[in-house]
Amino acid sequence: MPKTAKTIFGTTEKSNFILNMTPESYYSFNLKILLGFLILMPLFCIPLEFFRVYSVPGMALAIMGVFAIVFVFIGFMKSETPKKLFLPAGLLAAMLAWGLVSFYNSYDYLVSIFGADGRSEGWLSLLFYGSFFLLGAQLGTDDNRLKLLHGMFWMGLAECFWSLLQMLPIGFPSYYENLEPLLLFNTFLPSGLTGNPVFLGFLLSVLLLPAILEAAFTENKKQRAFDILCAVCFSLTAVRTQCLTGIIGITLAFLISLIYLLIKKSGGKTAVIAVIPAILLGMVWNYFSPSINSMNYTTEGKTISDGIAFYDGSVLWKDSSYRLEVSGYYVPNGASNPNGNFDITSLTETYHYLWKSTLNIIKKYPLAGSGPDNLVYPQLFQSLAIASNPNVFDRCGNYYLQTAGTLGIPMLLLFLALIILVLVRGGTASRKNKNWLHTSIFLTVILALILLFFCTGSITVTPVFWMLAGICISLGQPET
Numbered sequence: 004m005p006k007t008a009k010t011i012f013g014t015t016e017k018s019n020f021i022l023n024m025t026p027e028s029y030y031s032f033n034l035k036i037l038l039g040f041l042i043l044m045p046l047f048c049i050p051l052e053f054f055r056v057y058s059v060p061g062m063a064l065a066i067m068g069v070f071a072i073v074f075v076f077i078g079f080m081k082s083e084t085p086k087k088l089f090l091p092a093g094l095l096a097a098m099l100a101w102g103l104v105s106f107y108n109s110y111d112y113l114v115s116i117f118g119a120d121g122r123s124e125g126w127l128s129l130l131f132y133g134s135f136f137l138l139g140a141q142l143g144t145d146d147n148r149l150k151l152l153h154g155m156f157w158m159g160l161a162e163c164f165w166s167l168l169q170m171l172p173i174g175f176p177s178y179y180e181n182l183e184p185l186l187l188f189n190t191f192l193p194s195g196l197t198g199n200p201v202f203l204g205f206l207l208s209v210l211l212l213p214a215i216l217e218a219a220f221t222e223n224k225k226q227r228a229f230d231i232l233c234a235v236c237f238s239l240t241a242v243r244t245q246c247l248t249g250i251i252g253i254t255l256a257f258l259i260s261l262i263y264l265l266i267k268k269s270g271g272k273t274a275v276i277a278v279i280p281a282i283l284l285g286m287v288w289n290y291f292s293p294s295i296n297s298m299n300y301t302t303e304g305k306t307i308s309d310g311i312a313f314y315d316g317s318v319l320w321k322d323s324s325y326r327l328e329v330s331g332y333y334v335p336n337g338a339s340n341p342n343g344n345f346d347i348t349s350l351t352e353t354y355h356y357l358w359k360s361t362l363n364i365i366k367k368y369p370l371a372g373s374g375p376d377n378l379v380y381p382q383l384f385q386s387l388a389i390a391s392n393p394n395v396f397d398r399c400g401n402y403y404l405q406t407a408g409t410l411g412i413p414m415l416l417l418f419l420a421l422i423i424l425v426l427v428r429g430g431t432a433s434r435k436n437k438n439w440l441h442t443s444i445f446l447t448v449i450l451a452l453i454l455l456f457f458c459t460g461s462i463t464v465t466p467v468f469w470m471l472a473g474i475c476i477s478l479g480q481p482e483t
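The sequence shown begins at 4 in my numbering and counts up by one.
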């Protein structure tokens, strides 16, 4: 008898595409799923920008997340998943299990599973992020890894194009045309389709570093021109966010790239040179934006003076209270908040307030936290209505404290254990192979980890970090 192909549970050959899938086709499917997220998420954010349909971006995460979960299981079922991924997969499983413990002890079960409306970062998001991580670790070849990186570049360019329309005083719909926490109008800060300028600054800063390095080492002239275009757009737009993740992030990405190229004695520094005027233009634009935009305080009818300002605090409360209504309003001196008062225009006071308040929550709930996406609930002090509690927040501006505050210290330790594994394996691979792509991914993950001290999670950009971390942990190692 002729040998027949394998089938699932004796079913027809229509099921053969799974059990008889080659490693190459499996890697290809993984790549398509991750690229699908990079395309789908910005598209699904458009209705939110125009019509305030908060649930749509979460649908993009859920759709591609389900596909990711399915192919993670296929990888284990077919023994395509290499043994070197068993340990990180075990850590991810432990994180998910502890997330259920946190869910059981949370303030709001529904929010803990699905996340707050407009945030969608409940327990399910952890499941999706872990699946993206494992698919990123199973792309098989550097060619696939490079294709995913290029997909991220295209996503970044789309964000920059959308941001340009937001930055110009042309009436294009934007949540950050005004900053109501400061009663400041005509700011025109870019947020792209990420949700807020802090998230946008994080995304573009992370993408700048590999764009510069590819421009320096690629032999393809068209690709080099594309990379330089990306580097210029990413730099200018990120600086215009006037947030730490944008300005500090772009500066760090630029310096890390420059130092690496000097060490390698590479002559391809065109992208580095092109980035400098883009950063300077962004800073000059920031300085003169009050005059250009006729920025003013509406309560006083007073036009403000030109100068450089950071708007991290105002962006955080604008995003949570005015855009999504998942926190209380910012109220200056005199607010009866147990954590005291602070000046939202001061970076040090704002972050000190956010971090100190979150540390208090961690001390109160050290093991299970307040529950996934439940950070605001333990802060309520005078009403069960979130909006009736001034100066409460749902994002503390620090990924590590946010993790410990919502999911407990054990979850933070598990996350750090996974990240250490990522850095050890990625660093070892980049040193052995001396490949610009490997080194670029490794350095990009390090940069992202630094910026997470000033940025929390978002379904629009956090999956990009998890994909990069997944790539990093499998660099230069055999897939079987």
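Note that the Cβ used here is the ideal one computed from N, Cα and C, for glycine as well.
With a 10 Å radius around its C-beta and 16 neighbouring C-beta atoms as the bar for buried, classify residue i as buried or exposed.
i	result
Met4	Unreliable positioning characterises Met4 in this predicted model, as indicated by a pLDDT of 41, which lies under 50. The coordinate reading is nonetheless provided below. When all chains shown are included, Met4 counts as exposed.
Ile266	exposed
Met80	exposed
Thr190	buried
Asn289	buried
Val287	exposed
His355	exposed
Lys6	A caution first: Lys6 carries a pLDDT of 48, below 50, which makes its placement in the model unreliable, though a value can still be read off. Lys6 is exposed by the Cβ-count criterion.
Lys321	buried
Asp315	buried
Gln385	exposed
Ala140	buried
Asn23	exposed
Gly343	exposed
Ser317	buried
Grab the span of the alpha helix (DSSP H) containing residue i for me, first residue to last.
i	result
Phe220	200–220
Pro381	Careful: Pro381 lies outside any alpha helix (DSSP H) and carries neither H nor E.
Met414	412–436
Asp315	315–320
Tyr110	Run containing Tyr110: none; DSSP gives neither H nor E here.
Asp376	Where Asp376 is concerned, there is no enclosing alpha helix (DSSP H), given that its DSSP letter is neither H nor E.
Val467	465–476
Arg148	145–170
Ile449	439–454
Thr348	Unbroken run through Thr348: none, as it is neither H nor E.
Ser134	126–139
Ala119	Careful: Ala119 lies outside any alpha helix (DSSP H) and carries neither H nor E.
Leu185	Segment: none, Leu185 is in no alpha helix (DSSP H) and carries neither H nor E.
Phe79	59–80
Throw me the rounded Cβ distance for the residue i and residue j pair, which I believe falls under 8 angstroms.
i	j	result
Val319	Gly372	The sequence given here places Leu at residue 319; Val does not occur at that position. Actually they are not in contact, since the Cβ atoms of Leu319 and Gly372 sit about 20 angstroms apart, beyond 8 angstroms.
Leu75	Leu138	Here residue 75 is Val; the residue named in the question, Leu, does not match the sequence. The pair is a contact, with the Cβ atoms about 7 angstroms apart (cut-off 8 angstroms).
Ala218	Ala281	Contact doesn't hold; Cβ gap of about 13 angstroms is too wide.
Ala241	Leu207	4 angstroms
Trp469	Phe136	4 angstroms
Asp111	Tyr380	7 angstroms
Val448	Gly121	Not quite, the Cβ-Cβ distance comes to about 28 angstroms (not below 8 angstroms), so this is no contact.
Ser323	Arg428	About 36 angstroms; that fails the 8 angstroms criterion.
Ile453	Ala407	That belief does not hold up - the Cβ atoms of Ile453 and Ala407 are roughly 18 angstroms apart, past 8 angstroms.
Pro184	Arg243	Pro184 to Arg243, Cβ: 19 angstroms. No contact.
Leu446	Tyr332	With a Cβ gap of about 40 angstroms, Leu446 and Tyr332 do not count as contacting.
To the nearest angstrom, how far is it from the Cα of residue i to the Cα of residue j?
i	j	result
Phe89	Leu426	16 angstroms
Met155	Ser349	33 angstroms
His441	Ser433	5 angstroms
Ala119	Pro172	32 angstroms
Leu450	Thr409	24 angstroms
Val395	Leu455	21 angstroms
Pro200	Cys458	11 angstroms
Ala63	Gly102	22 angstroms
Ser128	Phe40	13 angstroms
Ser477	Ile250	31 angstroms
Gly61	Ile462	7 angstroms
Ser294	Pro176	21 angstroms
Phe53	Ile311	30 angstroms
Tyr325	Val73	37 angstroms
Gly3	Leu152	With the chain covering only 4 through 483, there is no way to say anything about residue 3.
Thr483	Glu83	Confidence is the limiting factor: at Thr483 the pLDDT is only 45, short of 50, which leaves the residue's position unreliable and the question unanswerable from this model.
Leu283	Ala256	15 angstroms
Ile116	Leu247	31 angstroms
Asp230	Thr197	21 angstroms
Pro375	Gly125	5 angstroms
Val104	Pro413	11 angstroms
Trp165	Phe418	33 angstroms
Ala96	Asn108	19 angstroms
Trp157	Gly174	25 angstroms
Inset, instruction - Give, in chain order, every unbroken run of the alpha helix (DSSP H) that is at least 4 residues long and sits entirely within the segment 227–306. - result: 247–267, 273–296
Legend entry - Within the segment 17–51, ranges of the alpha helix (DSSP H) (whole runs, at least 4 residues): Complete alpha helix (DSSP H) runs here, min 4: 19–22.
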